[in-house]
Amino acid sequence: MGDWPLVAIGDVANIFDGPHATPNTVDRGPVFLGIGSLEAGRIDLGAARHVTPEDFRRWTRRVKPTTDDVVFSYETRLGQAAIIPKGLECCLGRRMGLVRVDRSRLDPHFFLYLYISPPFQRFLESRTIYGATVDRIALKEFPTFPIPLPSLREQKAIASVLRSLDNKIDLNRRMNQTLEAMARAIFKDWFVDFGPTRAKIEGSPPYLAPEIWSLFPDRLDDHGKPEGWIIGPLLDQCRIISGGTPRTNNPEYWNGSILWASAKDVSQCGQPFLLETERTISERGLAESATRLIPKFATVVVARGATTGRFLLFGRDMAMNQTCYALETNRARPFWLYLAFGNLVETFVHGAHGSVFDTITTSTIQGGTTVIGSDDLLSKFEAAVNPLFLRALLNIEEGRTLAQTRDLLLPKLISGEIRVKDAEKSIEAVV
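Numbering (this note's numbering), first residue to last: 1064 to 1494.
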């Protein structure tokens, strides 16, 4: 690792163990930071649980996470780590360790990047204790693990370069949340709350373009929906497609050029569009199995398992397995379909059934109905939200490029193979 000395983690940081039990969780309060919240170097609070203030005080007696502490998993999901952001009030979950660095010698962000770098991940694998139920790292040995230690100035420079990429990736992710929220708000106003029709009834001034405003009725019917609109089956607006799995014992079916999505891919995506899958299949695997090629912009939902109801859009043509259903628009309105499905998905999940896991069946989806306006209005809506979704797709594409650049630079910077100035030139080409 260049000319950098190696030091033991325990020489430049204090390591703390989390509690060895799980508190009762509540809907609100300080965050209970479980292993599932650690994802690719950051904390994902999307499915976070909470504890009461009383339990929070008890669970932080041993250690209370503070800004820039690095937390990691030492049992199951080994190799995952993240840094505590400013303002997050949380307590550690089970099987989690915490590293509090000596800031005079070790930059916390540099340590995080070092931790998630391929060389250190390989080292962790070499020290993993494989068990019948869980794999683990002996936490008592963790302080002895060696790490390279460039000068503090060099550490901060390396961390700054990598953080610039992560900050842009995070900005794109947050922008996509805003873009999707905007699209959902428009859908809700037009097709759930009937805002323009109600505004007309109340004599309020128009707030949409005249060519759109004129398409809304000025009265509600006896069912409380705009006059002339219908309540119809969602499947009148699309076709449902099932997935399948090529035989796993035939290698000629796998590792081809066709993306093949599973429930895991859909559930862990965290974005409105799926662009990558863990596995791929071949043309022969597609032709000789029940799976089919699902078109880009189809809405895809997890139909069975622990994450039943998770849904997104395919950002590429791809196949999928039998744990998912796809809805393909038959009216050239994929984004209206996606939002209409999203408005019904909780109903589908509540109607799911199964002996072990909830299952959404085709009959469940067949029973879903939605309010449908005129074709002209639906076309105007699609045109209104289309730029929002396409911008989100571009953001995801850019995020993939940025992540690839970061993953390329990370081990080279950590090892000293390249210096910060060289890395900055590479970043200029993609930012």
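Glycine included, every Cβ here is placed at the ideal spot set by N, Cα and C.
Keep in mind that this is a model prediction, so the values were computed, not measured.
Here's a check: name, in chain order, each residue in its chain whose Cβ is nearer than 8 Å to the Cβ of residue i, leaving out the five neighbours to either side.
{"i": "A1144", "result": "L1101, G1104, V1133, V1134, F1135, S1136, L1175, Y1178, I1179"}
{"i": "I1293", "result": "V1434, I1435"}
{"i": "A1403", "result": "F1250, F1254, L1297, Q1300, T1433"}
{"i": "T1343", "result": "W1317, N1318, G1319, S1320, I1321, L1322, W1323"}
{"i": "E1341", "result": "S1325, K1327, D1328"}
Taking only the alpha-carbon atoms, compute the straight-line gap between residue i and residue j and give it to the nearest angstrom.
{"i": "T1211", "j": "R1394", "result": "Here residue 1211 is Pro; the residue named in the question, Thr, does not match the sequence. About 58 Å."}
{"i": "T1370", "j": "T1424", "result": "14 Å"}
{"i": "L1234", "j": "E1491", "result": "17 Å"}
{"i": "D1107", "j": "P1148", "result": "11 Å"}
{"i": "E1217", "j": "V1197", "result": "37 Å"}
{"i": "F1452", "j": "G1291", "result": "29 Å"}
{"i": "V1126", "j": "L1202", "result": "15 Å"}
{"i": "I1450", "j": "C1332", "result": "Reading the sequence as shown, one finds Pro at residue 1450 and not Ile. Their backbone Cα atoms lie some 21 Å apart in a straight line."}
{"i": "S1320", "j": "D1380", "result": "11 Å"}
{"i": "T1308", "j": "T1410", "result": "28 Å"}
What does a CB cutoff of less than 6 Å around residue i pick up in its chain, not counting 5 residues either side in sequence?
{"i": "R1168", "result": "V1075"}
{"i": "K1263", "result": "D1281"}
{"i": "V1089", "result": "H1113, T1115"}
{"i": "T1392", "result": "C1301, L1400"}
{"i": "L1456", "result": "F1336, G1378"}
For a quick check, are the C-beta atoms of residue i and residue j less than 8 Å apart?
{"i": "Y1388", "j": "S1352", "result": "no"}
{"i": "L1242", "j": "R1454", "result": "yes"}
{"i": "H1113", "j": "G1097", "result": "no"}
{"i": "D1170", "j": "K1219", "result": "yes"}
{"i": "E1283", "j": "T1260", "result": "Note on identity: in this sequence residue 1283 is Leu, with Glu being the wrong assignment. Yes, these two residues count as a Cβ contact at 8 Å."}
{"i": "I1232", "j": "L1069", "result": "no"}
{"i": "P1128", "j": "L1161", "result": "yes"}
Take residue i and list the residues in its own chain whose beta-carbon comes closer than 7 Å to its own, dropping the five residues that flank it on each side.
{"i": "S1418", "result": "Residue confidence is low: S1418 scores 46 on pLDDT, short of 50, so the model does not pin down where it sits. No coordinate-derived value is stated."}
{"i": "L1298", "result": "I1428, Q1429"}
{"i": "S1305", "result": "Q1385, Y1388"}
{"i": "F1360", "result": "L1376, F1377, P1397"}
{"i": "H1063", "result": "Missing from the structure shown is residue 1063; the chain here goes from 1064 to 1494 and no further."}
Kindly give me the distance between the Cβ atoms of residue i and residue j, rounded to whole angstroms, as I take these residues to be in contact under 8 Å.
{"i": "A1324", "j": "L1338", "result": "Their Cβ separation, rounded to whole angstroms, is 10 Å, which puts A1324 and L1338 out of contact at 8 Å."}
{"i": "F1398", "j": "W1253", "result": "Not confirmed; about 13 Å, so no contact."}
{"i": "L1390", "j": "L1376", "result": "Between L1376 and L1390 the Cβ distance is about 10 Å, and since that is not below 8 Å, they are no contact."}
{"i": "N1458", "j": "N1239", "result": "5 Å"}
{"i": "T1354", "j": "A1382", "result": "4 Å"}
{"i": "V1364", "j": "V1408", "result": "7 Å"}
{"i": "E1138", "j": "V1094", "result": "Not a contact, Cβ separation roughly 20 Å."}
{"i": "L1141", "j": "I1200", "result": "6 Å"}
Cβ-heavy atom distance between residue i and the ligand MN below 7 Å?
{"i": "P1450", "result": "By its list of ligands, the structure shown contains no ligand whatsoever, and the ligand MN lies outside what it can speak to."}
Touching or not, the stretch 1073-1085 and the stretch 1432-1441, by the rule of three or more beta carbon pairs under 8 Å? The stretch 1073-1085 makes no contact with the stretch 1432-1441; the number of CB pairs closer than 8 Å stays below 3.
Is there contact between the stretch 1181-1193 and the stretch 1225-1234, where contact requires at least three CB pairs shorter than 8 Å? no
Is there contact here, the stretch 1452-1469 with the stretch 1345-1356, by at least three beta-carbon pairs under 8 Å? no
Tell me, please, whether the stretch 1139-1157 touches the stretch 1078-1090 by the rule of three or more beta-carbon pairs shorter than 8 Å. yes
For the pair the stretch 1260-1280 and the stretch 1363-1382, tell me if three or more CB-CB distances fall below 8 Å. no
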